[in-house]
Amino acid sequence: MDDGGGDGARPARNRFARTGKPCRCADRGPRSADLSGGRPAQYQGAADVSGRTDRVRQLGTGCPGRGDRTGAIVTTDATSRVLDRIDGLSEELVATLAEAIAIRSVNPTYQDQNYDDLIGGESEVSGLLAKLYRQAGAETELFGNARGRDNVVGVVRGRGGGRSLIFNGHVDVVPADDAAQWTHDPFTAVVDRTHIWGRGSVDMKSGLIAQAFAARALREAGIRLRGDLILQGVVGEENLEHHMGTSAVLERGFTADGAIIAEPTGALTPLTVMPATAGVLVMRITVSGRSAHASMRSRMLAERTAEPVAASAIDAALQIHGGLRRLEAIWARTRVDPLFEPGQFTIGLDVIDGGARGSHNVAFIPDETTLDYAIFYPPTAGLADIKAEIVDTVTDIAEREPWLRGNPPRIEWPMHYPGGRTDRDHPLCRTVGIARERAAAGTPFAGAPDVRSFPSAADLTWFTAAGIPAVGLGPGALTMAHAVDERCAIDEIIGAAKTYVIAAIEWCGAE
Numbered sequence: 001m002d003d004g005g006g007d008g009a010r011p012a013r014n015r016f017a018r019t020g021k022p023c024r025c026a027d028r029g030p031r032s033a034d035l036s037g038g039r040p041a042q043y044q045g046a047a048d049v050s051g052r053t054d055r056v057r058q059l060g061t062g063c064p065g066r067g068d069r070t071g072a073i074v075t076t077d078a079t080s081r082v083l084d085r086i087d088g089l090s091e092e093l094v095a096t097l098a099e100a101i102a103i104r105s106v107n108p109t110y111q112d113q114n115y116d117d118l119i120g121g122e123s124e125v126s127g128l129l130a131k132l133y134r135q136a137g138a139e140t141e142l143f144g145n146a147r148g149r150d151n152v153v154g155v156v157r158g159r160g161g162g163r164s165l166i167f168n169g170h171v172d173v174v175p176a177d178d179a180a181q182w183t184h185d186p187f188t189a190v191v192d193r194t195h196i197w198g199r200g201s202v203d204m205k206s207g208l209i210a211q212a213f214a215a216r217a218l219r220e221a222g223i224r225l226r227g228d229l230i231l232q233g234v235v236g237e238e239n240l241e242h243h244m245g246t247s248a249v250l251e252r253g254f255t256a257d258g259a260i261i262a263e264p265t266g267a268l269t270p271l272t273v274m275p276a277t278a279g280v281l282v283m284r285i286t287v288s289g290r291s292a293h294a295s296m297r298s299r300m301l302a303e304r305t306a307e308p309v310a311a312s313a314i315d316a317a318l319q320i321h322g323g324l325r326r327l328e329a330i331w332a333r334t335r336v337d338p339l340f341e342p343g344q345f346t347i348g349l350d351v352i353d354g355g356a357r358g359s360h361n362v363a364f365i366p367d368e369t370t371l372d373y374a375i376f377y378p379p380t381a382g383l384a385d386i387k388a389e390i391v392d393t394v395t396d397i398a399e400r401e402p403w404l405r406g407n408p409p410r411i412e413w414p415m416h417y418p419g420g421r422t423d424r425d426h427p428l429c430r431t432v433g434i435a436r437e438r439a440a441a442g443t444p445f446a447g448a449p450d451v452r453s454f455p456s457a458a459d460l461t462w463f464t465a466a467g468i469p470a471v472g473l474g475p476g477a478l479t480m481a482h483a484v485d486e487r488c489a490i491d492e493i494i495g496a497a498k499t500y501v502i503a504a505i506e507w508c509g510a511e
């Protein structure tokens, strides 16, 4: 993990490296239907966003660029010009976002979904993004590790001498099987005066489209970055398939000196800067018991021997859980990180399954119980250390109980998603924070942004694992992601786009 690094540039190792040869995919269109025909029939704009131009323009206060380390300076006029261009593109941005929401890009590997019915949705969004990336002057490529699951990358060439930057986001969304509970059809984008509604509006098509329009605004404002700007739309994130998405893109050579991931980072305030994410570990504990008639419970409690007439697997499992609750309380003091709130590292019991084998019936003392936990731990902690502390806790409890001592619980680790971290003092984190503050000047969320951790798993992990400093910042709040009536504030979307352009200018350098 690169927690500090320097701020020196390294060349962007990508498939479009300057070789003197034409890009092999420059003339290749997206592998999907033509998406250039304007708003889809599903787009239902309940209010014309032109009626909110003045309110959106509050985000566009001019601010002087700091230039890059080479001394190239972008003037106040140039910065104001690109921010004004985003204002001018705001209606088109929202309409394009509505088009993206209307594409049912549900992750086809999600549990209880029909893979064949859903395959291709991710590629269709990637095709739409490819068109947008080309409008920004990018060389584009679509590729994937499975049919109908294309990632898309666009590279906007810099003049040279600046740091490169990645804009990253995922194209897949979670299902909306509870559509009857929604105010509107989840895959029919609806725009009112303040929000755009629909599945994926928060998580995370608003951020993806804002990134694409930020790149386009730079071009149309006549601003040329010194470093390369690499735009990435990836598949698979919603089901933790980083090997299909972000990791596949990085392994293909599309790397940079820094990355901004457009996950929804609104926490206490909109557009929070989030440079860290916890590690996530799934644990299953299986406890065996000895079944008997339910009336034998009193005798079972009286015996407490290694060979009782019966042993309740549920009772034993709850004793183990009590020990893990005590460990969780200890973690609130011992497992700390300045980017995380106290008590944010937890050992959460989320699924319990217990009873008599073959008959979950109260007439039997249960002889098997499984406990499934989601464990959130600090990104700087060693996985082996975390596991050892938990195993020691379970073992200690088992050693004190006669039945468990002879029938120890079985611990399994079905899933692990490591954490990632970029220090709050890293130049990229400072750059994004300054950009967000300038972009939000004069708005209800003006002021210095919060800097805190992203509360869930995110692709930020795979950038930091590759030695690329990364920061999450995007419109919307995670509390609205995956929710019924998912919706994203339009002001936040425009504010995110403006943050992205300022961050790109500051990080990459421009002229």
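Here the sequence shown is numbered in UniProt numbering, starting from 1 and rising by one per residue.
Virtual Cβ for every residue (Gly too), placed ideally from N, Cα, C.
Report the option in the options whose CA atom is closest to the CA atom of residue i.
i, options, result
"Ile434", "Pro418, Leu271, Tyr417, Asp367", "Leu271"
"Thr393", "Ile347, Pro366, Gly355, Gly354", "Ile347"
"His360", "Ala292, Gln319, Asn168, Asp337", "Ala292"
"Thr422", "Pro275, Leu268, Glu389", "Pro275"
"Asp459", "Gln181, Ala217, Ile261, Leu89", "Ile261"
"Leu132", "Leu327, Thr183, Glu92", "Glu92"
"Phe213", "Val153, Ala146, Ala136", "Ala136"
"Val106", "Gly236, Pro475, Ala388, Pro414", "Gly236"
"Pro414", "Lys387, Gly148, Gly253", "Lys387"
"Arg134", "Leu218, Phe364, Asp185", "Leu218"
"residue 578", "Met244, Leu89, Ser288, Thr305", "With the chain covering only 1 through 511, there is no way to say anything about residue 578."
Excluding the 5 residues flanking residue i on each side, which residues of the same chain have their C-beta closer than 7 Å to its C-beta?
i, result
"Ala398", "Leu404, Arg405, Pro408, Pro409"
"Arg157", "Asp228"
"Ala332", "Pro342, Gly343"
"Ala248", "Asn145, Asn151"
"Leu428", "Gly258, Thr422, Pro469, Val471, Trp507"
"Gln113", "Val106, Pro175"
"Glu401", "Ala316, Gln319"
"Glu251", "none"
May I ask you to report which of helix, strand or coil DSSP gives residue i?
i, result
"Pro414", "strand"
"Val82", "helix"
"Gly495", "helix"
"Pro353", "Here residue 353 is Asp; the residue named in the question, Pro, does not match the sequence. Strand, per DSSP."
"Asn239", "helix"
"residue 512", "Any property of residue 512 remains undetermined from this structure, which presents the chain solely from 1 to 511."
"Ser201", "helix"
"Thr109", "coil"
"Leu93", "helix"
"Val171", "coil"
"Gly358", "coil"
"Phe213", "helix"
"Gly372", "First, the residue type needs correcting, since residue 372 is Asp and not Gly in the sequence shown. Strand."
"Arg405", "helix"
"Ala398", "helix"
"residue 588", "Past the boundaries of the shown model lies residue 588; the chain is included only from 1 to 511, so the question cannot be answered."
"Leu339", "coil"
"Gly233", "strand"
"Gly420", "strand"
"residue 512", "Because the chain here runs from 1 to 511, residue 512 falls outside it and cannot be looked at."
"Ile505", "helix"
"Arg119", "Here residue 119 is Ile; the residue named in the question, Arg, does not match the sequence. The answer is coil: DSSP assigns Ile119 none of H, G, I, E or B."
"Ile223", "coil"
"Ile101", "helix"
The ligand COA and residue i: does the residue's C-beta get closer than 7 Å to at least one heavy atom of that ligand?
i, result
"Thr269", "Ligands in the displayed structure: none, and consequently the ligand COA is not present."
Might you give, ordered along the chain, the residues of its own chain that have their beta carbon closer than 8 Å to the beta carbon of residue i, omitting 5 neighbours on each side?
i, result
"residue 570", "Only positions 1 to 511 of the chain appear in the structure, and residue 570 is not among them; the question remains open."
"Ala26", "In this predicted model, Ala26 has a pLDDT of only 35, less than 50, meaning its place in the structure is not dependable enough to derive any value."
Leaving aside the five residues before and after residue i along the sequence, list all residues of the same chain whose C-beta is less than 6 Å from its C-beta, in chain order.
i, result
"Ser164", "Ala12, Gly227, Asp228, Ala256, Asp257"
"Asp485", "Trp182, Thr183"
"Phe463", "Ala259, Ala470"
Open item on the list: Counting beta carbon pairs with one atom in the region 236-244 and one in the region 440-451, are three or more of them shorter than 8 Å?
Closed with: Counting C-beta pairs with one atom in each stretch, the region 440-451 and the region 236-244 have fewer than three that are closer than 8 Å, which means they do not touch.
Open item on the list: Quick check on the DSSP output: what are the complete beta strand (DSSP E) runs of length 3 or more inside the region 133-164, in order along the chain?
Closed with: Entirely contained in the region 133-164, the beta strand (DSSP E) runs reaching 3 residues are, in chain order, 139-143, 151-156.
Open item on the list: Check whether the region 296-306 and the region 200-208 touch, using three or more Cβ-Cβ pairs below 8 Å as the test.
Closed with: No: fewer than three Cβ pairs fall under 8 Å.
Task: Validate contact between the region 306-317 and the region 494-505 using beta carbons, cut 8 Å, 3 pairs - done: With the cut-off at 8 Å, the region 306-317 and the region 494-505 do not touch.
TODO: Would you be able to state if there are at least three C-beta pairs under 8 Å between the region 113-127 and the region 251-268?
DONE: Counting C-beta pairs with one atom in each stretch, the region 251-268 and the region 113-127 have fewer than three that are closer than 8 Å, which means they do not touch.
Task: Three or more C-beta pairs below 8 Å linking the region 432-447 and the region 164-184 - done: Of all C-beta pairs linking the region 432-447 to the region 164-184, fewer than three are shorter than 8 Å, placing the two stretches out of contact.
- [ ] Can you check the region 431-502 for any alpha helix (DSSP H) of at least 4 residues that lies completely inside it and give the ranges in chain order?
- [x] Those alpha helix (DSSP H) runs which fall completely within the region 431-502 and span 4+ residues are 460-465.
Task: the region 278-285 in contact with the region 367-374 per 3-pair CB rule at 8 Å - done: Cβ pair count under 8 Å is three or more, so yes.
TODO: Ignoring anything shorter than 4 residues or poking outside the region 249-335, list the alpha helix (DSSP H) runs there in chain order.
DONE: With a minimum length of 4 residues, the continuous alpha helix (DSSP H) runs that stay inside the region 249-335 are 297-303, 313-334.
Task: Uninterrupted beta strand (DSSP E) stretches inside the region 173-198 (no shorter than 3 residues) - done: Qualifying beta strand (DSSP E) stretches, in chain order: 195-197.
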